[in-house]
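Colleague: According to mature numbering (1 follows the signal peptide of the UniProt record, and there is no 0), the sequence shown holds residues -24 to -1, 1 to 578 in order.
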Amino acid sequence: MNKTVNMEYFGAVVLLLFFGSAFGAPVVDDRTFQLKIVHTNDMHARFEETSRLSTKCLEKDQRAGKCYGGFARLATLIRKARASSVPTLFLNAGDTYQGTTWFTVHKWKIVATFLNLLSPDAISLGNHEFDDGPDGLTPFLNATTFPVLASNLDLSKEPELAASPLKKSIVLTVSGRKIGIIGYLTPETKFIANSRNVNFLDEITSIREEVKNLQAQGVNILIALGHSGFSMDKRIAAEVEGIDLVIGGHTNTFLYTGHQPDLETSEGLYPTEIIQEKTRRKVYVVQAYAYTKYLGNLTLDFDSQGEIVGIVGDPVLVDSKIEQAKDILDELDRWRPEILELQNQAVGSARVLLDGDSKNCRRKECNFGNLIVDAMIEYNALEYAGGNGWTDAAIAIHNSGSLRSSIDREPDDNIAMSDILAALPFNSGMGKIKMTGRVLKQVLEWSVYNLDYNYTADLRGAFLQLSGLQVDYDLSQPNGARVVAVYARCSSCRIPVFDPLNDDETYVVLATDFLQAGGDDFKMLKDLEWTASGITTDQVVANYIKRHSPVYPGVEWRINYISTGNSEVTPADGKDKVTGGSGLSSFSSLMLIPTIALILGR
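1) Under 8 Å, with one C-beta from each stretch per pair, do the region 319 to 327 and the region 524 to 540 reach the 3-pair mark?
2) With H, G and I counted as helix, E and B as strand and the rest as coil, what does DSSP make of Trp366?
3) Measure the alpha-carbon distance for Lys154 versus Arg380 and round it to whole angstroms.
4) How is Phe23 classed by DSSP in three states: helix, strand or coil?
5) So which of Ile353, Ile54 and Asp178 has the shortest CA-CA distance to Val292?
6) In angstroms, rounded to a whole number, what distance separates the CA positions of Lys56 and Met406?
7) In whole angstroms, what separates the C-alpha of Leu161 from that of Ala357?
8) Determine, using beta carbons only, whether Ile353 and Ser443 come nearer to each other than 7 Å.
9) Using a Cβ-Cβ cut-off of 8 Å (strictly less than) and excluding sequence neighbours within five positions of Leu305, which residues of its own chain qualify?
10) Going by C-alpha distance, which of Ala200, Thr513 and Ser61 is nearest Thr275?
11) Look at the Cβ atom of Lys408, then the Cβ atom of Ala369, and state whether they are nearer than 7 Å.
12) Please tell me whether, using a cut-off of 6 Å, the distance from the CB of Asn364 to the nearest non-hydrogen atom of the ligand NAD is below it.
13) Where does the unbroken beta strand (DSSP E) through Leu386 begin, and where does it stop?
14) Could you spell out where the beta strand (DSSP E) holding Ala69 opens and where it closes?
15) Within 10 angstroms of the Cβ of Ala399, are there 16 or more other Cβ atoms? Answer buried if so, exposed if not.
16) Taking the straight line between their C-alpha atoms, what separation do you get for Ala266 and Gln193?
17) Give me the Cα-Cα distance between Thr165 and Lys83, rounded to the nearest whole angstrom.
18) Should Arg339 go down as buried or exposed, given a rule of 16 or more other Cβ atoms within 10 Å for buried?
19) Residue range of the alpha helix (DSSP H) that Met352 falls in?
20) Taking Tyr463 as the reference, which of Leu93, Phe474, Thr233 and Cys469 has the closest Cα?
21) Rounded to the nearest angstrom, how far is the Cβ of Ile298 from that of Thr76, given a contact under 8 Å?
22) Does the separation of the CB atoms of Leu440 and Asn346 fall below 7 Å?
23) Leaving out five residues on either side along the sequence, give the residues of the same chain with a beta carbon under 6 Å from the beta carbon of Pro237.
24) Going by DSSP in three states, Ile250 sits in which element: helix, strand or coil?
25) Does the beta-carbon distance from Asp333 to Ser382 come in below 7 Å?
26) Whole-angstrom Cβ separation of Thr229 and Gln263, contact assumed at under 8 Å?
27) Less than 7 Å between the C-beta atoms of Leu137 and Pro110, yes or no?
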């Protein structure tokens, strides 16, 4: 049997198990309570079906049956699961906001509408639900028809949010059994979103308090549902007594047991088993990747004391074999006209994949990141009216957390403005920050504060993409001492070259207003001199692509990982090979400077 047939057979087996088939349910005695849980996380506004890489699915791929995900397919799976003989809960672990132009245009209203159609039994908040501040979250909470949970928020200084239906936990009664679901959200939200006056409390302490409250009500099946990343999910499982299951999100973690069904490589078993040191109880942790590409699928057996005595499952690949629910497609059409306007605004083209995948861009240099920061440099250089040097700002930084998706197009396909806005949805303003080399080195240190050379850390959005800097990091060193060498491009020079960074010299650095305000916890930037450029990064990138199409950015060794210690390490996937020139986006090769001169001379 060839590989294609094997995979089709494998997919059929997974679906048969999901829908309840001739394979049957696990054999249990009469005292055992069986429950199915289907779950999602980090759906990021993928209301419509997507490509294999979770970008927009092109018409030719639609015709070929190569599309994935979308709310219409999820609706089919969720409804069939609920129609089975096994009691079923559908839970979501946050971050339905943000990620496509559907959200950029329609904001909280489209999220509330489509989640109401899926009708989850409960969801947790994600950090992106705070992207538009409490003012963009409160109306969503008031419009939902299901419980929204977060146990570790102090809302006393946000009265409208405090008056909303947001709850710490919920008790659901299923087949006569009480099931407690406790929400939680990463305190990092304070630094990576617009939470305003919300105070974030420790997840574990807050969940423990809620466990006690629910146990006092006679609840002995307890699920933590939240959005703090896989490492914290495992900590909750290990440290919170009484919890049976942790359903997480935030890190887009793909867990799977068996042969991987598609491109995604498993980062652990589904479910991941944690044994509590004190009680010796087994607690289970799950996530379901992201972008509606998979639907988490667990069947659990509980004894009369609420202990898990059986657990089986695997995420279901939501591919084109899954029928799309017509009512969801019809509702999408009602929201589509404004989206089509943006999709019809052609910007340019690319000869290569513009890689914005968080698994790449949050731990190493990526070519889409290079294009963004190079576009920032070029825009400022073209606007520069001074006579001293070729620009006043030869360095640009951009946090990878603000890059939300790749752009994957054939060379003869247009990149549309909708693609740019999906990748850069935050309307971030560009500007200039003056800082010493000493502060710039602190910025670069913070960029890698959470990375480790074994690639076991949760990837964070603070990792910076760079233009005008060449940096060597050693991740075997402690935080604050990982920058081994930095070379900075000169601005007041006839020929741009890279010189060692001078701690006492003042540099003008292009960045976003998000970073200048201390976003991603770049506290060292908050009080520095800032000059706004009067343009957003999405506009800068769109203009750059228009000027230089077809673009073909590459990876150019701007960011390198080395080992200066005794240990042999291959940090963060090692030092990447140069994968090709980036055409007009290349600054390391200094190819853009003559281009700017030509444009200025027109």
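Note that CB positions come from ideal geometry on N, CA and C, so glycine has one too.
Modeller: Reading it off the structure:
1) Look at the beta carbons and you see the region 319 to 327 touching the region 524 to 540: at least three pairs across the two are nearer than 8 Å.
2) DSSP places Trp366 in the coil class of the three-state scheme, outside both helix and strand.
3) For Lys154 and Arg380, the distance between alpha carbons rounds to 39 Å.
4) Note: Phe23 maps to coil in three-state DSSP.
5) The shortest C-alpha separation from Val292 is found at Ile54.
6) Lys56 and Met406 have their C-alpha atoms spaced approximately 47 Å apart.
7) The straight-line gap from Cα to Cα measures roughly 41 Å.
8) With respect to Ser443, Ile353 sits close: the two C-beta atoms are nearer than 7 Å.
9) The residues are Ala48.
10) Nearest option by C-alpha distance: Ser61.
11) For Lys408 and Ala369, yes; Cβs fall inside 7 Å.
12) Absence of the ligand NAD is noted for the structure shown, with no ligands found whatsoever.
13) One point to set straight first is that residue 386 is Glu, not Leu, in the sequence displayed. Looking at the DSSP string, Glu386 is not in any beta strand (DSSP E), and its letter there is neither H nor E.
14) Looking at the DSSP string, Ala69 is not in any beta strand (DSSP E), and its letter there is neither H nor E.
15) Flag for Ala399 reads buried.
16) The alpha-carbon atoms of Ala266 and Gln193 are separated by roughly 34 Å.
17) C-alpha separation (whole angstroms): 19 Å.
18) Burial call: buried.
19) Counted as a single uninterrupted DSSP element, the alpha helix (DSSP H) harbouring Met352 occupies residues Asn343 to Glu359.
20) If you compare the alpha carbons of Leu93, Phe474, Thr233 and Cys469 with that of Tyr463, the shortest gap goes to Phe474.
21) A Cβ-Cβ distance of about 20 Å is found for the pair Ile298 and Thr76, leaving them out of contact under the 8 Å criterion.
22) Contact annotation: Leu440 and Asn346 have beta-carbon atoms that are not nearer than 7 Å.
23) Only Leu293 meet the Cβ criterion.
24) Secondary structure of Ile250 (DSSP, three-state): strand.
25) Closer than 7 Å, so yes.
26) 4 Å between Cβ atoms; contact.
27) The beta carbons of Leu137 and Pro110 sit closer together than 7 Å.
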